[in-house]
Structure formats: C-alpha cells, structure tokens
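A quick write-up on the structure given underneath.
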Amino acid sequence: MMKTVFTTQEGVKMNAELDFGSTTTIKNEFNVLMTTYETMFNIELNYFYRITDDGYMQLAYSTDDALEIKAQYKLQFSTKKEDIIYIVHQLIEANYLYDGFPTIKDSPIFTQQEFQQIINDIKKSRSTEKEKASQKITPLISLLKQHQLNPIPTGFNKNSWVANCPSRGNHFIQIVTSNDQWGCGYCKRKGGKEALEKWLQEIKSLQDQKRLTTMLKELDKGSIQTKSTLKWWLNRY
Ligand SMILES: [Zn+2]
C-alpha cells in the first residue's frame, strides 16, 4: 500500500487548525527517532518519524497510547538525516518559547552533540533577531511597557514580540511591530495601539467596579477596612 499524507500542508501543529490526520492505521509505518526530556518537569517524550511515498517527512510523538503527528515537511535534502534535522529544528523552534529547550535522552539517529547543535543553531539565530527587535521600540511596545505587560522579543524575526495578556490570564499576546498590531488567540482580541488602549480601559473599569463594590461593603461596616482598598481609592485616577 502507498504511504501518503493526509494533507499536503507543511508546518508544525500548534493548534487544531492544522490537522495531519489520525495515525491509527499507520502506527507501524513510524520509526523511532528519539526520546527527549521536555518542559520544567522533565517529561519523557518518544518521537517517531515517517517518510511517505508522496515525498514527505512526518514527525510524531507518543503520549500514553496515542501517537500524534506534530509536524510535516516536504523532503528537500539529499539525505534522510538532513530532513530529520530540519523537521526537529522546526518543531523545537516553534515550541521553545512555551516549553523551553528539550534535552535528549537517546536516539538511533542523533548523537548528543548533533542534537545540541540543532539547539545551538536555534539559539544563535534567535539572539540575532531579538537584538534587532530590541533596537526598534514602537509605540505599541512602549504602551505595553508602560502597563507592565513585559513585552519581550521572541526571536522568530525582527518584528516578533510577545507580552503578558492584559486580561491577566496566564498566557501571551503576540505582537508584530512591522505594522504595530497585536492579537490574543485565547481572548479572541486583536488590533493596533488604539484597540489595546481601549481594552486596557475596559479592563480597568471592570476592576474599578469590583473595587468600588468592595469599598461600599467596607464602608457599610463604618469605614474603609483594608489598606488595598484605601490605596486603590486614593490612586484611582
Ligand atoms: Zn488573552
């Protein structure tokens, strides 16, 4: 039977929009690639690769019993190993901001040094791009700094930043400084500097309403009862 891909799309799966298909009937077509330690919890992950007859390299990892395809690229180098290095590079590059850099436990494909070289290559290109980004502080970046949302360059390219989401949720917003736009996939909000100012104002009024309710309750008991309420009241404008 021909080994084929489910979709001809290329990339690293970061959300449900990119679907490389199920592995249920093709599990035995995957070869062992490596075992890594990942995230601050040093989770052990087993990676596998599959080369299709229609010319693609696929990378999958197993969690529990499930084998999930995480990345797929057209074969483009003269050796299998170069195509594997490329896809591993892409996968780590797409995830390191969230998961940090993995370390390798063992692999029939890579030596420790070869794996480390992939990491070093990513770090090197990232630091060059971060440096370029830091030299261009746009009005949107200034606004984020001013509101202590901690904007940092991602290193993906010279216009790519992330910052804490103003919703105070535990996630990032993405910023592109070439046109000074931001977006939060989680909160489903996006726009330019003005849209961010507006959202920050909305969030502030919501917080103010909560604070005001708390203060009224405290006043009901005779006076402002807590230092945090007093501090907010005095600094509210
Ligand atoms: Zn958000």
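Residues in the sequence shown are numbered consecutively from 135, following this note's numbering.
Using N, Cα and C, we set each Cβ at its ideal position, and we do this for glycine too.
Test item: CB-CB of residue i and residue j under 9 Å
i	j	result
residue 161	residue 201	yes
residue 290	residue 298	no
residue 206	residue 143	yes
residue 281	residue 334	yes
residue 175	residue 154	no
residue 358	residue 349	yes
residue 190	residue 204	no
Unbroken alpha helix (DSSP H) run spanning residue i, endpoints
i	result
residue 218	214-233
residue 337	327-354
residue 364	361-368
Through-space distance from residue j to residue i, alpha-carbon basis
i	j	result
residue 324	residue 318	6 Å
residue 302	residue 159	43 Å
residue 378	residue 179	Nothing about residue 378 can be read from this structure; the chain reaches only from 135 to 371.
residue 254	residue 353	59 Å
residue 172	residue 351	48 Å
residue 322	residue 242	42 Å
residue 366	residue 356	18 Å
residue 278	residue 260	22 Å
residue 368	residue 329	28 Å
residue 314	residue 326	6 Å
residue 283	residue 310	15 Å
residue 181	residue 237	13 Å
residue 220	residue 235	16 Å
residue 292	residue 346	43 Å
residue 343	residue 223	48 Å
residue 263	residue 332	30 Å
residue 267	residue 230	18 Å
Range covered by the beta strand (DSSP E) that runs through residue i
i	result
residue 315	315-318
residue 240	237-240
residue 202	200-208
residue 272	Neither: residue 272 is in no beta strand (DSSP E) and is coded neither H nor E.
residue 144	Run containing residue 144: none; DSSP gives neither H nor E here.
residue 169	165-172
residue 152	No beta strand (DSSP E) contains residue 152, which DSSP labels as neither H nor E.
residue 245	Neither: residue 245 is in no beta strand (DSSP E) and is coded neither H nor E.
residue 179	177-185
residue 309	306-310
residue 136	Neither: residue 136 is in no beta strand (DSSP E) and is coded neither H nor E.
residue 294	294-298
Cutoff 6 Å; reference residue i; Cβ partners in own chain excluding five residues on either side
i	result
residue 184	163, 164, 192
residue 294	288
residue 240	169
residue 217	191, 209, 211
Contact set for residue i: own chain, Cβ-Cβ below 7 Å, skip 5 residues either direction
i	result
residue 136	187
9 Å Cβ cutoff, residue i in contact with chain D
i	result
residue 214	Structure shown: chain D not included; a single protein chain is present.
Residues near residue i by beta carbon distance below 8 Å, same chain, minus five either side
i	result
residue 285	275, 278, 279, 295, 296, 297, 309
Three or more C-beta pairs below 8 Å linking the region 191-211 and the region 268-282: no
Check whether the region 167-187 and the region 242-250 are in contact - that is, three or more C-beta pairs closer than 8 Å. yes
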